[in-house]
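J.: Residue numbers (the numbering used here): 3 to 299.
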Amino acid sequence: MSRRRTNGNDDDSLELLLDTVSNVFGGVMFLTLLAALLIIARGTAPAEPDDADDQQPAPVSTALVEAKVRQTVAAIQAQQQIRRQLDPAGDVMAKSDRLRSLEQTLSLARRHAGRTDHLKEEQQQALRDQLANQSELEQQIEEVKRQIADQAEGASAIRTQSERSVEFRPLSRSMTDEAVVLLRYGRWYMLQAGPSEGVNRDDFFVLQHSRSLTRVTPKPHRGSPVTEQSLSDLVARLKAEFQPGQFHVLIAVWDDSFAEFNPVKDAVKAAGYTYRTLPCDSSTRLSNQYAAEAYVQ
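Next comes the structure, spelled out in structure tokens:
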């Protein structure tokens with residue numbers, strides 16, 4: 003009874019093992035068949051990782067390539083046929099070529115116009131710079147003109163202050179004697195200290211002396227500068243030795259002392275004297291040959 007149960011258990015285990023092996027083998031066969039079907043459906047061989055580097059490319063079917071070429075040629079011919087049907091005279095192609103040519107010409111014209119605009123802008127900028135420089139120069143010229151005008155106005159004012167109009171009185175013949183006053187080096191000199199005195203040798207160099215002629219010239223370091231005080235001294239010396247009713251004054255003026263003439267002349271006139279003038283230059287030498295019947299004012 004016990005052995006029969008044991009034999010029964012062994013048979014069941016063997017049967018279970020056989021069933022398991024059969025199921026596994028059947029599953030493997032099924033998977034293998036499924037993989038083969040998939041490979042056939044895709045048209046490629048399964049990749050083997052170990053032999054991937056040694057695989058060769060699959061051969062291309064010549065018939066397939068020829069079919070593809072025939073298909074492409076047919077498509078090109080069909081496209082050309084359609085184009086000939088749409089444009090039998092070739093006008094569209096000519097117009098298309100013309101359009102492309104015009105587009106290229108327009109592009110070139112735009113580039114040229116761009117360069118022209120750039121050059122024009124540079125020329126305009128140069129012109130603006132030139133106008134700015136010209137404006138600056140004009141301003142400088144105006145400034146120089148203004149400065150010149152200011153200087154001229156200042157010089158005119160100085161000249162007006164240093165000059166004055168003198169209305170000469172009519173000349174009259176005088177029978178009086180002369181008292182000589184000289185203006186040179188900006189200073190005044192009296193030729194004689196008095197009517198009976200000889201030449202004032204303190205203030206003059208005697209160049210020539212005789213009974214009939216004495217020629218002199220003033221010493222640069224002597225005489226008196228023309229000031230208000232010195233003119234008072236001049237008038238006092240004249241009145242002390244030369245009476246106004248008996249003498250007139252000769253004012254000899256050198257070209258370096260014209261500015262001092264008016265103050266001396268005014269002082270002489272204010273003292274009651276008539277006068278006459280004798281313009282001199284560097285070559286003039288005075289003598290004691292006085293004019294007879296001199297014209298005075």
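For every residue, glycine included, the Cβ atom is placed at its ideal position computed from N, Cα and C.
In three-state DSSP terms, what is valine 182?
T.: Note: valine 182 maps to strand in three-state DSSP.
J.: To the nearest angstrom, how far is it from the Cα of alanine 195 to the Cα of glutamine 248?
T.: Going from the Cα of alanine 195 to the Cα of glutamine 248 covers about 16 Å.
J.: Is aspartate 283 buried or exposed, if buried means 16 or more other CB atoms sit within 10 Å of its CB?
T.: Exposed is the call here.
J.: Spatial neighbours of glycine 209 within its chain, please: CB distance less than 7 Å, with the 5 preceding and 5 following residues excluded, ordered by chain position.
T.: Just to set this straight, residue 209 is leucine in the shown sequence, not glycine. Around leucine 209: Arg217, Val218, Thr219 and Arg287.
J.: Quick check: the Cα distance between alanine 238 and leucine 184, rounded to an integer number of angstroms?
T.: Going by the C-alpha atoms only, they are around 16 Å apart.
J.: Using C-beta distances below 6 Å, list every residue in its chain close to alanine 54, excluding the 5 sequence neighbours before and after it, in chain order.
T.: In this predicted model, alanine 54 has a pLDDT of only 47, less than 50, meaning its place in the structure is not dependable; the value taken from the coordinates is given anyway. Within the same chain, alanine 54 has no close Cβ partners at all.
J.: So what does alanine 254 bridge to, in DSSP terms?
T.: DSSP output for alanine 254 lists Leu184 and Leu280 as bridge partner(s).
J.: Which residues does DSSP list as the beta-bridge partners of glutamine 231?
T.: Answer is none; glutamine 231 lacks a bridge partner.
J.: How many Å lie between proline 227 and aspartate 268 at the Cα?
T.: Approximately 16 Å between the Cα atoms of the pair.
J.: With DSSP as the reference, label serine 98 as helix, strand or coil.
T.: The answer is helix: DSSP assigns serine 98 an H, G or I state.
J.: Could you check the C-alpha separation between alanine 179 and histidine 250 for me, to the nearest Å?
T.: Before going further, note that residue 179 is aspartate rather than alanine in the sequence given. So the alpha carbons of these two residues sit roughly 6 Å apart.
J.: For methionine 177, which of helix, strand or coil comes out of DSSP?
T.: Coil.
J.: Counting C-beta neighbours from all protein chains within 10 Å, is the total for alanine 77 16 or more, i.e. buried, or is it exposed?
T.: Exposed is the call here.
J.: For the beta strand (DSSP E) containing tyrosine 191, list its first residue and its last residue.
T.: It spans 189-192 - the beta strand (DSSP E) in which tyrosine 191 sits, taken as one unbroken run.
J.: Would you report the Cα separation of phenylalanine 263 and arginine 175, rounded to the nearest angstrom?
T.: Going from the Cα of phenylalanine 263 to the Cα of arginine 175 covers about 22 Å.
J.: Using the rule of at least 16 other Cβ atoms within 10 Å of the residue's Cβ for burial, across every protein chain shown, is leucine 233 buried or exposed?
T.: Its Cβ being crowded by 16 or more others within 10 Å, leucine 233 is buried.
J.: In the structure shown, what three-state DSSP assignment does serine 226 receive?
T.: Strand.
J.: Assign glycine 116 to one of two classes, buried (16 or more other C-beta atoms within 10 Å of its C-beta) or exposed (fewer than that).
T.: So glycine 116 ends up on the exposed side.
J.: Between the Cα of aspartate 235 and those of Gln81, Gln126, Val270 and Leu133, spot the shortest distance and give me the residue it belongs to.
T.: The shortest C-alpha separation from aspartate 235 is found at Val270.
J.: Count the other CB atoms within 10 Å of the CB of aspartate 257; is the residue buried (16 or more) or exposed (fewer)?
T.: Burial call: exposed.
J.: Measure from the alpha carbon of serine 259 to the alpha carbon of each residue in Leu280, Arg213 and Lys70, then state which is nearest.
T.: Answer by Cα proximity: Leu280.
J.: Quick one: is methionine 320 buried, meaning 16 or more other Cβ sit within 10 Å of its Cβ, or exposed?
T.: Past the edges of the chain, shown from 3 to 299, lies residue 320, and the structure says nothing about it.
J.: To the nearest angstrom, how far is the alpha carbon of tryptophan 190 from that of glycine 225?
T.: One C-alpha to the other measures close to 6 Å.
J.: Secondary structure at phenylalanine 244, three-state DSSP: helix, strand or coil?
T.: It is coil, neither helix nor strand.
J.: What residues in its chain sit with their C-beta under 6 Å from that of phenylalanine 206, if we drop five residues either side in the sequence?
T.: These residues qualify, in order along the chain: Val218 and Pro220.
J.: What are the boundary residues of the alpha helix (DSSP H) that includes asparagine 264?
T.: Where asparagine 264 is concerned, the enclosing alpha helix (DSSP H) stretches over 263-272.
J.: Quick check: what's the CA-CA separation for alanine 154 versus aspartate 119?
T.: Their Cα atoms are separated by approximately 51 Å.
J.: How would you label alanine 181, buried or exposed, when you count the other beta carbons within 10 angstroms and need 16 or more for buried?
T.: Alanine 181 is buried by the Cβ-count criterion.
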